[in-house]
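All residue numbers for the sequence shown refer to full-length UniProt numbering, where the first residue is 1 and numbers rise by one.
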Amino acid sequence: MVPDPEIPVINIVELGIVREAKVTSENSCEVTITPTYSACPAMFTIEEDIIKIMKENGWEAKVETKMFPIWTTDWLTDEAREKLRVYGITPPEKGADEHHIGKPKKCPRCGSMNSKQISRFGSTLCKASYQCLDCLEPFDYFKCH
Numbered sequence: 001m002v003p004d005p006e007i008p009v010i011n012i013v014e015l016g017i018v019r020e021a022k023v024t025s026e027n028s029c030e031v032t033i034t035p036t037y038s039a040c041p042a043m044f045t046i047e048e049d050i051i052k053i054m055k056e057n058g059w060e061a062k063v064e065t066k067m068f069p070i071w072t073t074d075w076l077t078d079e080a081r082e083k084l085r086v087y088g089i090t091p092p093e094k095g096a097d098e099h100h101i102g103k104p105k106k107c108p109r110c111g112s113m114n115s116k117q118i119s120r121f122g123s124t125l126c127k128a129s130y131q132c133l134d135c136l137e138p139f140d141y142f143k144c145h
């Protein structure tokens, strides 16, 4: 599996960016991916990693990036959401939209909803910074879209 370069505890299938993988001939395949953001800096690395891992397993891979349909956090698997939480990142609620940004989020460490947004911009484009007002720990929130 190819880990996400920015959040290595989840892989790109769990992240929901692999849209299709198909065998095109005996030792060849095509993988279609969709970026989480149109300017996601990790996409080139992800493409290289797919090609490298497939080659290590005896496959020649062609990777195609499709911008439509636009990736949504609803494509995160339940396993990815739990792995994010354990890693210290609050996953977005299913069906959430950008209007949820800035509202209190559940602390991934103590479970409290008593939190505040510190910055709309976190360590990567896909995250916002929050702080729990009960345990006082900072945490990231995986922005929905």
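A virtual CB, placed ideally from N, CA and C, is assigned to each residue, including glycine.
DSSP beta-bridge partners of Glu64: Note: Glu64 sits in a beta bridge opposite Thr32.
Assigned secondary structure, Ala80 (DSSP; H/G/I helix, E/B strand, else coil): The answer is helix: DSSP assigns Ala80 an H, G or I state.
N- and C-terminal bounds of the alpha helix (DSSP H) containing Thr24: Premise fails: Thr24 lies in the beta strand (DSSP E), Val18 to Ser25, not in any alpha helix (DSSP H).
Closest Cα partner of Arg109 within the set Met54, Thr90, Ile12 and Ser25: Residue nearest to Arg109 within the set Met54, Thr90, Ile12 and Ser25 is Thr90 (criterion: CA-CA distance).
Extent of the continuous alpha helix (DSSP H) run through Ile51: In the DSSP assignment, Ile51 falls within the alpha helix (DSSP H) that extends over Met43 to Glu56.
Spatially closest choice to Cys144 from Ile70, Lys83 and Met113, by CA coordinates: Residue Ile70 is the option with its Cα nearest to Cys144.
Three-state class that DSSP yields for Tyr87 in the structure shown: Shown here, Tyr87 sits in a helix according to DSSP, grouped into three states.
Contact under 8 Å by Cβ, Pro35 with Ile17: Closer than 8 Å, so yes.
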